[in-house]
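Chemist:
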Amino acid sequence: MTIIISLCLLLLIAYLFDLTAARTKIPSVILLLLLGWMVREITFFFDINLPDLTDTLPVLGTIGLILIVLEGSLELELNKSKVGLIKKSSIGAFLPLVILAFSLAYLLQYYGGYSFRESLINAIPFCVISSAIAIPSVRNLSSNQKEFIIYESSLSDIFGVIFFNFIAYNTSFGLETFGYFCLEILIIIAISFVATILLSFLLNKIQHHIKFVPIVLLIILIYEISKIFHLPALIFILVFGLSIGNLDELKHYRWTQQFRLDLLNKEVSKFKELIIEATFLVRALFFLLFGYLIKTAEIINADTLVWAIGIVVILFLLRFIQLKVSKIPLFPLLFVAPRGLITILLFLGIAPEQRILLVNKSLIIQVILMTAIIMMLGLMITAKKRKTIIEEKRKAKEAIPVENEEVYKTPL
């Protein structure tokens, strides 16, 4: 009973964090981590024994990743006017990830004396933008900026997981390895289109009052089975979300008439609402649990602090260059490069024999907190400047009629 009451209270507090995030500009993830850490300290103070929840974290993280990418892809519009935006966000997700990964791998190899492959495996988790933190944090930005972040962070998750698995599961990198890798991508794309058609058909045809939960379970099932065969399963999530979220773009195809797109659109709208609610729940539980598992000594670990600062400086320098080259306005997008859920999942996914001492839980926590705080401060400063500019424009507009009125009152 106590556990149920505590969970309900914690999730209601998490909901309050989500409600107030737009006004306070404080990313809810920071508050959730802090809340989870406070719960840990309270349990220690009152000597309350709780079961070991460490093994629960990867499960929640995987489900959260699926739901977050699905939620993001359902929100995206896919048409000819978005081609330029998709190109820029794809380049922004891929190039900085690869450059940062190889740069960090070189530094780890040079200063730690590890093999380059081991260094690269341990470096990749720091290179992925967290859609779990980035997407909810940009709700108040313009539609173009919001779409850029959704595309960029979702693609960063996908590229990061694919890149990590490619390096972790292969010991040699010849022509045969790359050929097999390309074949895997083609296979998952084919699976994605077939599965999307079948799931859309089920979404439209199931008449039972419970129809969305089986669809979500099938999505998770397909994702996990694809992972068993080392296929880039997040591509399936992205393709499915983009397809059912942009049904209006398929109306000119005759074969889509049997799906009755007008009715299917209504079902997709309901499905989207369910995904948004489920994503909030799983994301909140994940970061609360991760915060609970954080030890105070890991946050203030001086041994990893220099490395954490160095990683953060390099990643924001690369982001500055990326936005400049892409001719995208720097503010506030420069600050929106948080690390989070996917960083934790990839770190937990490193095999024990491939882990290196320099990359540990303290370093992961410090980088996540630093990037989240920088994003928070950046969004706050940008919002304040935008508010000042809007206020000045409003005052200028109000002054114009007054001047005109005086002119008209002047006797001829």
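Take any residue in the sequence shown, note its place counting from 1, add 1214, and you have its number in my numbering. Backbone N, C-alpha and C define an ideal beta-carbon position, used for all residues, glycine too.
(1) Suppose only complete runs of 3+ residues qualify. What are the beta strand (DSSP E) ranges in the segment 1409-1441, listed by chain order?
(2) Pull up the distance between the alpha-carbon of Leu1284 and that of Lys1609, whole angstroms please.
(3) Can you tell me the Cα-Cα spacing of Gly1455 and Phe1392, whole angstroms?
(4) Tell me whether Glu1291 sits in a helix, a strand or coil according to DSSP, three-state version.
(5) What does the Cβ neighbour count give for Cys1645, buried or exposed, with the cut at 16 atoms within 10 Å?
(6) Helix, strand or coil for Asp1261? Go by DSSP, reduced to three states.
(7) What are the start and end residues of the alpha helix (DSSP H) that includes Gly1327?
(8) Going straight from the alpha carbon of Tyr1324 to that of Lys1541, what length do you get?
(9) Is the beta carbon of Gly1459 closer than 8 Å to that of Ser1287?
(10) Would a C-beta distance cut-off of 8 Å place Pro1552 and Ala1228 closer than the cut-off?
(11) Nearest by alpha-carbon distance to Ala1206: which of Val1430, Asn1574, His1422 and Cys1341 is it?
(12) DSSP on Ala1565, reduced to helix/strand/coil?
(13) How would you write the range of the alpha helix (DSSP H) that Leu1531 sits in, first residue to last?
(14) Identify, in the order they occur along the chain, each residue of the same chain with its Cβ nearer than 6 Å to the Cβ of Ala1235, setting aside the five sequence neighbours on each side.
(15) Quick check on DSSP: helix, strand or coil for Phe1231?
(16) Does Asp1371 come out as helix, strand or coil in the three-state DSSP assignment?
(17) Below 8 Å on the Cβ atoms is my guess for Val1352 versus Asp1371; work out the distance and round it to an integer in Å.
(18) Output the distance between the C-alpha atoms of Leu1233 and Glu1255, rounded to the nearest integer angstrom.
(19) How is the alpha helix (DSSP H) around Leu1456 delimited, first residue to last?
(20) Measure the Cβ-Cβ separation of Ser1190 and Phe1362 and say whether it is below 8 Å.
(21) With a threshold of 16 other CB atoms inside 10 Å of the CB of Arg1237, please say whether the residue is buried or exposed.
Modeler: Once the coordinates are examined:
(1) You should have found no qualifying run.
(2) Counted from its first residue, the sequence shown places residue 1284 at position 70. Counted from its first residue, the sequence shown places residue 1609 at position 395. One C-alpha to the other measures close to 43 Å.
(3) In the sequence shown, the residue the question calls residue 1455 occupies position 241. In the sequence shown, the residue the question calls residue 1392 occupies position 178. Cα to Cα, the separation comes out at about 28 Å.
(4) Position 77 of the sequence shown, counting from 1, holds the residue named residue 1291. Reduced to three states, the DSSP call for Glu1291 is coil.
(5) With the chain represented from 1215 up to 1626, any question about residue 1645 goes unanswered, as that position is not in the structure.
(6) Indexing the sequence shown from 1 puts residue 1261 at position 47. It is coil, neither helix nor strand.
(7) As a working note, residue 1327 is residue 113 in the sequence shown. Neither: Gly1327 is in no alpha helix (DSSP H) and is coded neither H nor E.
(8) One-based indexing of the sequence shown puts residue 1324 at position 110. One-based indexing of the sequence shown puts residue 1541 at position 327. The straight-line gap separating the alpha-carbon atoms of Tyr1324 and Lys1541 is approximately 34 Å.
(9) Counting from 1 along the sequence shown, the entry for residue 1287 is found at position 73. Counting from 1 along the sequence shown, the entry for residue 1459 is found at position 245. The criterion of a C-beta distance shorter than 8 Å is satisfied by Ser1287 and Gly1459.
(10) Counted from its first residue, the sequence shown places residue 1552 at position 338. Counted from its first residue, the sequence shown places residue 1228 at position 14. Taking the C-beta atoms as reference points, Ala1228 is found no nearer than 8 Å to Pro1552.
(11) The shown model of the chain, from 1215 to 1626, leaves out residue 1206, and the question about it has no answer.
(12) On the sequence shown, residue 1565 is found 351 positions in, with the first residue counted as 1. Ala1565: coil per DSSP, three-state reduction.
(13) The residue given as residue 1531 occupies position 317 in the sequence shown. Per DSSP, the continuous alpha helix (DSSP H) segment holding Leu1531 begins and ends at Ala1516 to Val1539.
(14) Counting from one through the sequence shown, the residue named residue 1235 turns up at place 21. Correct list, in chain order: Ser1242.
(15) Counted from its first residue, the sequence shown places residue 1231 at position 17. The answer is helix: DSSP assigns Phe1231 an H, G or I state.
(16) Here the question's residue 1371 lines up with position 157 in the sequence shown. DSSP places Asp1371 in the helix class (H, G or I) of the three-state scheme.
(17) The residue labelled residue 1352 in the question sits at position 138 within the sequence shown. The residue labelled residue 1371 in the question sits at position 157 within the sequence shown. Rounded to the nearest angstrom, the Cβ distance from Val1352 to Asp1371 is 15 Å, too far for a contact under 8 Å.
(18) On the sequence shown, position 19 is the one that residue 1233 refers to. On the sequence shown, position 41 is the one that residue 1255 refers to. If you take the alpha carbons of Leu1233 and Glu1255, they lie about 26 Å apart.
(19) Walking along the sequence shown from the start, residue 1456 turns up at place 242. Here the alpha helix (DSSP H) through Leu1456 covers Leu1448 to Gly1459.
(20) Because the chain here runs from 1215 to 1626, residue 1190 falls outside it and cannot be looked at.
(21) Your numbering for residue 1237 matches position 23 in the sequence shown. Here Arg1237 is exposed. Its C-beta has fewer than 16 other C-beta atoms within 10 Å.
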